[in-house]
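What follows is a single structure, written as structure tokens, with notes after it.
2 protein chains.
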Amino acid sequence: MQAPSDSTLHHVLIIGCGFGGLEAARALNRPGVRITLIDRSNHHLFQPLLYQVATAGLSAPSIAAPIRHMLRKQRNVTVLMAEASSIAKAQRQVVLADGQRIAYDSLIVASGATHSYFGRDEWAAHAPGLKTLADAFQLRAKLLSAFEQAELSNDEAERAALLNFIVIGAGPTGVEMAGTLAEIARHTLRNEFRRIDPAQAQVMLLEGSERVLQAFKPELSEKARQQLQGLGVQVQTGARVVAIDAKGVEIEQAGERRRIAARTVVWAAGVAASPLGRALEVPLDRAGRVIVDGSLNIPDHAEVFVIGDLAAAQSHEKDGSTKPVPGVSPGAKQMGRHAAQSILARLAGSAPPPPFRYLDYGALATIGRKAAVADVGRWQFSGYFAWLFWLFVHIYFLIGFRNRLVVLMDWAWAYWSFQRYARVYAETAAPAQADKV
Amino acid sequence: MQAPSDSTLHHVLIIGCGFGGLEAARALNRPGVRITLIDRSNHHLFQPLLYQVATAGLSAPSIAAPIRHMLRKQRNVTVLMAEASSIAKAQRQVVLADGQRIAYDSLIVASGATHSYFGRDEWAAHAPGLKTLADAFQLRAKLLSAFEQAELSNDEAERAALLNFIVIGAGPTGVEMAGTLAEIARHTLRNEFRRIDPAQAQVMLLEGSERVLQAFKPELSEKARQQLQGLGVQVQTGARVVAIDAKGVEIEQAGERRRIAARTVVWAAGVAASPLGRALEVPLDRAGRVIVDGSLNIPDHAEVFVIGDLAAAQSHEKDGSTKPVPGVSPGAKQMGRHAAQSILARLAGSAPPPPFRYLDYGALATIGRKAAVADVGRWQFSGYFAWLFWLFVHIYFLIGFRNRLVVLMDWAWAYWSFQRYARVYAETAAPAQADKV
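In the order they appear, the protein sequences are chains X and Z.
The first sequence runs 1 to 437 under our numbering.
The second sequence runs 1001 to 1437 under our numbering.
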């Protein structure tokens, strides 16, 4: 237990244990370095599968692992469950929410992103987003209790509103949520209700731009739309949300306004960088992300790195051009590794690594059962094969052998039975329900 | 979808889907009967393993299944997720919390039990109990965050208090919790902390009476005490709790009062019957349970049955004597079956079943890894073999093939790795933590 507190070692403080922070910590498993890793939660979350927890397909521990357990063998890391509230760059200290100050030699800020309601924070209460396990539990309770309340209700209009589900934002998360919701209504819940028919549920996917999955090529967007429609999802593009309240959503589409009654609205539209970006007091981009240089440093502070979703980073291409790094997990991981390499090079007195270059392995999005799109280098494909590919890539990148095995089992079982294993929720997770029943 | 609403059928309303209510519903899968089953939550819970969810050994869906999924093939059942607020015996109606009234021909009240703080309800905030999934999540967050906060704290006394765990009540749940907590501190968390040594944690089990596991024979109580001590639990019997607050517990033992500082206190002492018992306006026993006759009926209402933990029922022995039915799951199941048989006999115009007799299969309690006690008819045994027996009995009675397989896998993995699979908790589940960090 000597190493982590030995003050002769170079102390790297990492804020946030998402894909970027975790990768940086692992890459810094070298002599001469000690690390303090702080995170607000006790677990690293495999966020690409969070929608599966929200839609009751997986239990939370299958996609989350205790940070300190993952890093228990790396003796140079101290993990603290804490929240950073500010950063004193001049003193090289981070201030925690409880007032404690932690001094650093190098700092890696990897605190990620949160939902953004584009200034309409009052929408949050009616249209929860999906970033944390708590969000997923809340959504799971909301989705499942909508069907329960519909079965209980004697009011026809109320029932219809309860069986209307709206997903706002047709990025990967929105598309996954909408596709899975349609599957739940049509297949999972079949034969389980006596007063309502769950298959009557309407799932609507609203997107402000002209196509779903903007980050993909237009042909794949079109495939995705077709697959969504095949699953029973109503896809509405060019639909700008202008209001959300407890009774539904108001949209503007082709110059016309209309209301859609719905009790369950899911927010998958906006992402904003973590507020910690502002604490650095450096230039931010419009999304609140910290503008970093080719070393992922902020101006005038070569000891401060910003990585992952919080960073507005450029990929320095071979031809000398630059292009923005997308906010995906491979990007965060690569930045984590790059920042660690810079620190190790400085300690060794060797040449710094070349400016950050993002290696693009392609993009994948699943839509539902047997439906997905893949854009991998020269190959674009969709449908059953893309879905299998999506499935194996996600199991491969999951943390831990046990989780891989269990998730594979759960999915095999779900595939044949159409069932979703985790269709339970704790009573307190559904405050809306508590008012009602 | 005709049967469940056909008003010519005899309508049985069942309140509560624990072991008793579920068994009654299944036994009433007969022509001529329609059933409405109401429960406050969407799942049937395998309560004997709830402490495993609280101590991060299992994920919630492994021990809970959606009620309507379990009963989907039984076409004469309508499941409603609702809370019964009162019972109008004279009109044969149950009033739901939302005001809806449901008429019945026969009523089976099986709403179970809740914690009792013996009139000291202010203790609930400091010493949560364990009855629902929400309770288990809250406890899991509390237990795990105590270690996290201790690692973060720089105050020696605070650290010591954070690493003191007190379990109040040495019935099966208290014994299981204390044994498992000791195992977590000594084995599961080993090597994961840098500033504290989790093995320094103190686990204390407080019991007001003179021995642990009162329901077992004294020799087995003594074995259980030895096994607990072997796991590192401090067992304090004859210790009456006189105060609980945010800083710890005050006890009276051998005429002397003393305070024990602790941040984490678990309540496993008192159980009180569900408040719905009072709504029946019939004689209750001291624990608030409804006194029922040999048909499990209340006075003057042969159409109203009370079963499970809510019932103060007698077992009518062969020799004509009676003895109280213990509050265990086989008792609830047998009562559920008996009530169903009475209803079916009346509908058929045949002779009623003989007065309720409880078939005692024995008692089992686990203490921790390789430690348990068993009292099965003429056999009393403890230790490794009792633990294996406990394990297989519990897996056998779990709901669903999938859950049996997953729990067996989780336990095998935990056995060899000393790890606990579900050591994650959602941020909002720990309000105490949110204040702190």
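Built from N, CA and C at the ideal position, the CB exists for glycine as well.
Checklist entry - Distance, Cα to Cα, I166/X vs F193/X? => result Numbered from its first residue, the first sequence carries residue 166/X at position 166. Numbered from its first residue, the first sequence carries residue 193/X at position 193. The alpha-carbon atoms of I166/X and F193/X are separated by roughly 22 Å.
Item to check | Inter-residue spacing [alpha-carbon to alpha-carbon] between A1272/Z and A1311/Z | outcome: In the second sequence, residue 1272/Z corresponds to position 272, counting from 1. In the second sequence, residue 1311/Z corresponds to position 311, counting from 1. The straight-line gap from Cα to Cα measures roughly 11 Å.
Checklist entry - What residues in its chain sit with their C-beta under 7 Å from that of A178/X, if we drop five residues either side in the sequence? => result To locate residue 178/X, count along the first sequence from 1; it is residue 178. Excluding positions up to five away in sequence, the list reads V167, V203, L205, L228, V233.
Next on the checklist: I'd like the span of the beta strand (DSSP E) that includes T114/X, first residue to last.
Outcome noted: As a working mapping, residue 114/X is identified with position 114 in the first sequence. First-last of the beta strand (DSSP E) with T114/X: 113-115.
Checklist entry - Is the beta carbon of G1208/Z less than 8 Å from the beta carbon of A1239/Z? => result Taking the second sequence and counting its residues from 1, the one referred to as residue 1208/Z is at position 208. Taking the second sequence and counting its residues from 1, the one referred to as residue 1239/Z is at position 239. Closer than 8 Å, so yes.
Item to check | CB contact flag (L1071/Z, L1013/Z, <8 Å) | outcome: Position 71 of the second sequence, counting from 1, holds the residue named residue 1071/Z. Position 13 of the second sequence, counting from 1, holds the residue named residue 1013/Z. Contact flag unset, no.
Item to check | Short-range partners of chain Z found in the segment 265-279 of chain X, where Cβ spacing is below 9 Å | outcome: The residues in question: there are none.
Item to check | Residues of the segment 1030-1048 of chain Z with Cβ closer than 8 Å to any Cβ of chain X, in chain order | outcome: R1040, S1041, N1042, H1043
Item to check | Per-residue burial, N42/X [other beta carbons within 10 Å of its own, 16 or more giving buried] | outcome: As a first step, residue 42/X must be located in the first sequence, where it is residue number 42. Under this definition N42/X is a buried residue.
Checklist entry - Under 8 Å between the Cβ atoms of L280/X and I298/X? => result The residue given as residue 280/X occupies position 280 in the first sequence. The residue given as residue 298/X occupies position 298 in the first sequence. Contact: yes.
Next on the checklist: Can you pull the chain Z neighbours of P61/X, defined as C-beta to C-beta under 7 Å?
Outcome noted: In the first sequence, counting from the first residue as 1, residue 61/X sits at position 61. Those within 7 Å of P61/X in chain Z are S1059, Y1421, A1422, V1424.
Checklist entry - Out of curiosity, what's the CA-to-CA distance linking R91/X and I35/X? => result What you label residue 91/X is simply residue 91 of the first sequence in a count that begins at 1. What you label residue 35/X is simply residue 35 of the first sequence in a count that begins at 1. Position check: residue 91/X holds Gln in this sequence, whereas Arg was assumed. About 18 Å.
Item to check | V1282/Z versus K1089/Z - alpha carbon distance | outcome: In the second sequence, residue 1282/Z corresponds to position 282, counting from 1. In the second sequence, residue 1089/Z corresponds to position 89, counting from 1. About 11 Å.
Checklist entry - Of all the beta strand (DSSP E) runs that stay within the bounds of the segment 1213-1278 of chain Z, which reach a length of 3 or more residues? => result You should have 1233-1236, 1239-1245, 1248-1253, 1256-1261, 1264-1267, 1271-1273.
Next on the checklist: Between R1072/Z and chain X, is any beta-carbon pair separated by less than 8 Å?
Outcome noted: Locating residue 1072/Z in the second sequence gives position 72, where the first residue counts as 1. So yes, R1072/Z belongs to the interface.
Checklist entry - In chain Z, what lies closer than 8 Å to R445/X by C-beta? => result In the structure as shown, chain X starts at 1 and stops at 437, and residue 445/X therefore has no counterpart that could be examined.
Checklist entry - Which word fits R1140/Z, buried or exposed, when buried means at least 16 other C-beta atoms lie within 10 angstroms of its C-beta? => result Position 140 of the second sequence, counted from the first residue, corresponds to residue 1140/Z. By the 10 Å Cβ count, R1140/Z comes out buried.
Checklist entry - So what does K1142/Z bridge to, in DSSP terms? => result Taking the second sequence and counting its residues from 1, the one referred to as residue 1142/Z is at position 142. Note: K1142/Z sits in no beta bridge, so no partner.
Next on the checklist: If the cut-off is 9 Å on Cβ atoms, which residues from the segment 384-397 of chain X count as contacting chain Z, listed in chain order?
Outcome noted: Contact annotation: in the segment 384-397 of chain X, no residue has its CB less than 9 Å from a CB in chain Z.
Checklist entry - For A1422/Z versus G1057/Z, is the C-beta spacing smaller than 8 Å? => result Locating residue 1422/Z in the second sequence gives position 422, counting from the first residue. Locating residue 1057/Z in the second sequence gives position 57, counting from the first residue. Yes, Cβ-Cβ distance for A1422/Z and G1057/Z is below 8 Å.
Item to check | Whole-Å CB distance - L1080/Z paired with E151/X, under 8 Å assumed | outcome: Position 80 of the second sequence, counted from the start, is the residue given in the question as residue 1080/Z. Position 151 of the first sequence, counted from the start, is the residue given in the question as residue 151/X. The Cβ separation is near 6 Å, so the contact holds.
Item to check | Bounding residues of the beta strand (DSSP E) (the contiguous stretch that carries R1101/Z) | outcome: In the second sequence, residue 1101/Z corresponds to position 101, counting from 1. It spans 1101-1103 - the beta strand (DSSP E) in which R1101/Z sits, taken as one unbroken run.
Item to check | Proximal residues to F1392/Z (C-beta, below 6 Å), its chain only, five neighbours per side dropped | outcome: For this step, residue 1392/Z is matched to residue 392 along the second sequence. Nothing listed; no residue qualifies.
Next on the checklist: Please report the straight-line C-alpha distance between Q1002/Z and L1009/Z, rounded to a whole angstrom.
Outcome noted: In the second sequence, residue 1002/Z corresponds to position 2, counting from 1. In the second sequence, residue 1009/Z corresponds to position 9, counting from 1. Below a pLDDT of 50, predicted positions are generally treated as unreliable, and Q1002/Z, at 39, falls in that range; the measurement from the model is reported next regardless. Taking the straight line joining both Cα atoms gives about 11 Å.
Checklist entry - How about V1033/Z: is its Cβ closer than 7 Å to a heavy atom in the ligand SAM? => result Absence of the ligand SAM from the depicted structure is noted, as is the absence of any ligand whatsoever, leaving it without description.
Item to check | Helix, strand or coil at T8/X according to DSSP, with G and I counted as helix | outcome: By one-based count along the first sequence, residue 8/X stands at place 8. In this structure, T8/X counts as coil in the three-state DSSP scheme.
Next on the checklist: Within 8 Å, do at least three Cβ pairs link the segment 391-411 of chain X to the segment 245-254 of chain X?
Outcome noted: no
Checklist entry - Nearest chain Z C-beta to W413/X closer than 8 Å, yes or no? => result One-based indexing of the first sequence puts residue 413/X at position 413. Yes, W413/X counts as interfacial toward chain Z.
Item to check | Residue-chain proximity (K436/X, chain Z), Cβ-Cβ < 8 Å | outcome: Your numbering for residue 436/X matches position 436 in the first sequence. Here the model assigns K436/X a pLDDT of 29, short of 50, so the residue's position is not dependable, and the following value carries that caveat. Nearest CB-CB separation between K436/X and chain Z: below the 8 Å threshold.
Checklist entry - Can you tell me where the alpha helix (DSSP H) with T173/X in it begins and where it stops? => result Numbered from its first residue, the first sequence carries residue 173/X at position 173. 172-183 is the span of the alpha helix (DSSP H), which, as asked, contains T173/X.
Item to check | Neighbourhood of A1432/Z by C-beta distance below 8 Å, restricted to the same chain and skipping five residues each side | outcome: Position 432 of the second sequence, counted from the start, is the residue given in the question as residue 1432/Z. Residue placement at A1432/Z is flagged as unreliable, the pLDDT there being 34, under the threshold of 50; the coordinate-derived value follows with that caveat. Closer than 8 Å at Cβ, skipping near neighbours: K1142, S1145.
Item to check | Close beta carbons around S1274/Z, own chain, < 7 Å, minus the five adjacent residues each side | outcome: The residue you call residue 1274/Z lines up with position 274 of the second sequence. S1111, G1112, A1113, T1114, L1310, listed in sequence order.
Checklist entry - For S1382/Z versus K1223/Z, is the C-beta spacing smaller than 8 Å? => result Locating residue 1382/Z in the second sequence gives position 382, counting from the first residue. Locating residue 1223/Z in the second sequence gives position 223, counting from the first residue. Yes; because the gap between Cβ atoms is below 8 Å, this pair is in contact.
Next on the checklist: Please state whether the Cβ-Cβ distance between G20/X and A332/X is less than 8 Å.
Outcome noted: As a first step, residue 20/X must be located in the first sequence, where it is residue number 20. As a first step, residue 332/X must be located in the first sequence, where it is residue number 332. Yes, the pair counts as a contact, with Cβ atoms nearer than the cut-off.
Checklist entry - From S59/X, L28/X, W379/X, Y51/X, pick the residue whose C-alpha is nearest to that of V1424/Z; which is it? => result Stepping through the second sequence from its first residue, residue 1424/Z is reached at position 424. Nearest option by C-alpha distance: S59/X.
Checklist entry - Can you tell me whether D319/X is buried or exposed, with buried defined as 16 or more other CB within 10 angstroms of its CB? => result Counting from 1 along the first sequence, the entry for residue 319/X is found at position 319. Burial call: exposed.
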